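This report concerns only the one structure given below.
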Amino acid sequence: MESIATENNVWQMTLARLDETMSLLDLKPGMRKYLREPRKVLEVAVTVKMDSGDIDTFKGFRIQHNTNRGPAKGGIRYHPEVNVDEIKALAMLMTWKCAVVGIPFGGSKGGIVVDPKKLSTRELENLTRRYTFEIIDSIGPEKDIPAPDVGTNSQIMAWIMDTYSMNKGYAVPGVVTGKPIALGGSQGREEATGRGVVYTILSALKISGIDSTDLKVAMQGFGNVGSNAAKILHDLGFKIVALSDVEGAIYNPKGIDPYKVLDHLKKVGTVYGYREAQNIAREKIFSLNCDILIPAALENQIKKTNADKIKARFIAEGANAPTTPQADKILISNGKFIIPDILCNAGGVTVSYFEWVQGNDAYFWSKRKVNLALRDIMEKAFYEVYKISKSRKVDMRTAANLLGIGRVAEAVRLRGIYP
Ligand code: NAD
Numbered sequence: 069m070e071s072i073a074t075e076n077n078v079w080q081m082t083l084a085r086l087d088e089t090m091s092l093l094d095l096k097p098g099m100r101k102y103l104r105e106p107r108k109v110l111e112v113a114v115t116v117k118m119d120s121g122d123i124d125t126f127k128g129f130r131i132q133h134n135t136n137r138g139p140a141k142g143g144i145r146y147h148p149e150v151n152v153d154e155i156k157a158l159a160m161l162m163t164w165k166c167a168v169v170g171i172p173f174g175g176s177k178g179g180i181v182v183d184p185k186k187l188s189t190r191e192l193e194n195l196t197r198r199y200t201f202e203i204i205d206s207i208g209p210e211k212d213i214p215a216p217d218v219g220t221n222s223q224i225m226a227w228i229m230d231t232y233s234m235n236k237g238y239a240v241p242g243v244v245t246g247k248p249i250a251l252g253g254s255q256g257r258e259e260a261t262g263r264g265v266v267y268t269i270l271s272a273l274k275i276s277g278i279d280s281t282d283l284k285v286a287m288q289g290f291g292n293v294g295s296n297a298a299k300i301l302h303d304l305g306f307k308i309v310a311l312s313d314v315e316g317a318i319y320n321p322k323g324i325d326p327y328k329v330l331d332h333l334k335k336v337g338t339v340y341g342y343r344e345a346q347n348i349a350r351e352k353i354f355s356l357n358c359d360i361l362i363p364a365a366l367e368n369q370i371k372k373t374n375a376d377k378i379k380a381r382f383i384a385e386g387a388n389a390p391t392t393p394q395a396d397k398i399l400i401s402n403g404k405f406i407i408p409d410i411l412c413n414a415g416g417v418t419v420s421y422f423e424w425v426q427g428n429d430a431y432f433w434s435k436r437k438v439n440l441a442l443r444d445i446m447e448k449a450f451y452e453v454y455k456i457s458k459s460r461k462v463d464m465r466t467a468a469n470l471l472g473i474g475r476v477a478e479a480v481r482l483r484g485i486y487p
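All residue numbers for the sequence shown refer to this note's numbering, where the first residue is 69 and numbers rise by one.
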């Protein structure tokens, strides 16, 4: 029997899914070994001048998994539990994700072991600039392009862009995506991941013959992905019955207005304690009566210990790797429809791709154009994955992996191995 420790290791679980898909694709042993290995793993010490006058040192990573289909692309995470296995797994998932939505990028990820909430703005800027300096030879618009992830935002991207540009001697906006609009960011990037999540939910409802938005939604995590998905779903008429963040969860079967929760969050720093809902334990978010469950926090949240309690018929993975393979088996046997992470949350990297294209062309699109192009890509990818799931008689996650990993293997074959 697999231990809890194995279930908690996102790298092992990502490798297990890769191995399973490579067997289905009948890839040769050499290709299998190649796809399992990240191309570059960089670990750096990030030393920061603190407000106290002393210095502190934090561990940072930048990992590129694959660059066969284009420059590496992936977010930067600031979180106390960041570790090399997590970043390796997230970099690999980025490779498959970019291939699933057909955008010309490989996969990477970075992170610093830090709780950003405990730093002042000045310390956060010092940390970001020093980290950028330490990884500067590895990143660049043609090499590896960071973006926001958990604990980072557009201001942090602006500091990365400035540090990189000052070292080059000229402005290089294309070194990051998710920048502020004033620095060449894209309209719609801030909400793109949440919007993409919603587009995949609408597609899943369509193929399931559900022509109504009179449905209940529960959501874990109310950051960039969760709050934007909640606002768009609310605007479309869905009922958000529960929300949670790291501090706690709130529930109201009559519906919660996410805009009002955001006002509350701005004042007190958490969704917990919002007056027009009842406070509930964080873990309860998974067992509530609802139609759609959106994990939008961190990995390994839906496990074999709670998978059986899920009542929602649809699970839309806003977060990366929120479901363990052990939980997958339970969910599938309970007839759940899972929209897997590498499809569901690909809206963020898709609009990052638009940002990169707009920056390269020095021609900027309207929000309407961004959202229409995003919808096009998300729907196309959803139906491609769904078609594979039907033709190969596999679940949606396996189908997404077959599409993404298959495309990367084809790119490796076509390019050949240098020298
Ligand atoms: P964020 O930092 O903006 O928000 C994270 C949210 O999760 C916060 O509300 C936090 O309080 C909450 N949270 C953390 N631990 C929790 C717990 N144990 N229980 C409940 N809530 C908890 O991060 P984000 O950018 O919204 O990213 C969320 C997820 O989506 C991550 O898995 C990330 O990799 C993934 N993702 C993000 C993007 C993006 O564009 N930001 C794109 C693709 C995927």
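In this text, a Cβ means the ideal position worked out from N, Cα and C, and glycines have one as well. Only a predicted model underlies this, so the values are computations on that prediction, with no experimental measurement involved.
Item to check | At least 3 beta-carbon pairs within less than 8 Å: the segment 276–284 vs the segment 418–432 | outcome: no
Next on the checklist: Measuring alpha carbon to alpha carbon, tell me which residue in Gly337, Leu311, Leu92 and Pro390 is nearest Glu75.
Outcome noted: Pro390
Checklist entry - On the premise that Ser254 lies in contact with Val419, defined as a C-beta separation below 8 Å, what is that separation, rounded to the nearest angstrom? => result 6 Å
Item to check | Whole-number beta carbon distance between Gly142 and Lys177, since they are thought to touch under 8 Å | outcome: 4 Å
Checklist entry - Any idea which residues DSSP pairs Ser176 with across the strands? => result Gln132
Checklist entry - Where in the segment 347–388 do unbroken runs of the beta strand (DSSP E), each at least 3 residues long, occur, reported from the N-terminal end onward? => result 360–363 and 382–384
Item to check | Residues near Thr125 by beta carbon distance below 8 Å, same chain, minus five either side | outcome: Ala113, Val114, Thr115 and Val116
Checklist entry - Which value, in whole angstroms, describes the spacing of the CA atoms of Gly364 and Leu311? => result This sequence places Ala at residue 364; Gly is not what is there. Distance between the alpha carbons of Ala364 and Leu311 is about 10 Å.
Checklist entry - Who are the Cβ neighbours of Thr261 in its own chain at under 6 Å, not counting the five residues just before and after it? => result Val293, Asn413, Gly415 and Gly416
Checklist entry - Per DSSP, Glu111 forms a beta bridge with which residues? => result Phe129
Item to check | For Tyr20, the three-state DSSP class (helix, strand or coil) | outcome: The structure shown does not extend to residue 20, since the chain is modelled only from 69 through 487, so no value can be given for it.
Next on the checklist: Measuring straight from C-alpha to C-alpha, what distance separates Ala167 and Arg343?
Outcome noted: 43 Å
Next on the checklist: Mapping the DSSP letters down to three states, classify Leu95 as helix, strand or coil.
Outcome noted: coil
Item to check | Tyr486 versus Ser91 - alpha carbon distance | outcome: 25 Å
Next on the checklist: I'd like the ranges of any alpha helix (DSSP H) spanning at least 4 consecutive residues and lying wholly in the segment 408–446.
Outcome noted: 409–412 and 415–429
Checklist entry - For ligand 1, is there a heavy atom less than 7 Å away from the beta-carbon of Phe422? => result no
Checklist entry - Using the C-alpha atoms, what's the distance from Ala467 back to Val244? => result 30 Å
Item to check | Euclidean distance between Cα positions of Pro184 and Val425 | outcome: 31 Å
Next on the checklist: Would you call the segment 311–330 in contact with the segment 380–400, where contact means no fewer than 3 C-beta pairs closer than 8 Å?
Outcome noted: no
Next on the checklist: Taking 8 Å as the cut-off, does the segment 331–340 touch the segment 352–361 (at least 3 CB pairs, one atom from each stretch)?
Outcome noted: no
Checklist entry - How long is the line joining the alpha carbons of Met492 and Ala477, rounded to whole angstroms? => result This structure leaves residue 492 out entirely; the chain is present only between 69 and 487.
Next on the checklist: Please tell me whether Lys334 has its Cβ less than 8 Å away from any Cβ of chain D.
Outcome noted: Looking for chain D here will not work: only one protein chain is present.
Next on the checklist: Can you tell me whether Arg104 is helix, strand or coil according to DSSP?
Outcome noted: helix
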